[in-house]
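Novice: Numbering (the working numbering), first residue to last: 1 to 67. From the three backbone atoms N, C-alpha and C, an ideal C-beta is built for every residue, glycine too. So that we are looking at the same thing, I have put the structure below in structure tokens.
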Ligand SMILES: [Zn+2]
């Protein structure tokens with residue numbers, strides 16, 4: 001099961017939870033203040049992979065930028 005990162009909307013506490021793919025996060029309580037329905041964050045790995053992908057694409061499309 002994948003691990004997701006969440007940020008509490010009230011106290012900005014960031015925590016990780018293992019969730020089923022179809023599991024809703026709207027009833028997940030913040031471990032710091034207990035407020036439910038935290039914001040789901042995009043994982044760092046995903047962000048880096050996406051950033052690297054865009055970088056690779058840009059090098060192909062406009063290689064003059066990287067000389
Ligand atoms: Zn909180």
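1. Would you report the Cα separation of residue 4 and residue 12, rounded to the nearest angstrom?
2. Is the CB-CB distance between residue 41 and residue 7 below 8 Å?
3. Please tell me whether, using a cut-off of 7 Å, the distance from the CB of residue 61 to the nearest non-hydrogen atom of ligand 1 is below it.
4. Taking only heavy atoms of ligand 1 into account, decide whether any of them is closer than 7 Å to the Cβ of residue 35.
5. Candidates 9, 33, 10 and 38: which alpha carbon is nearest residue 17's?
Specialist: Taking the coordinates as given:
1. 15 Å
2. yes
3. no
4. yes
5. 38
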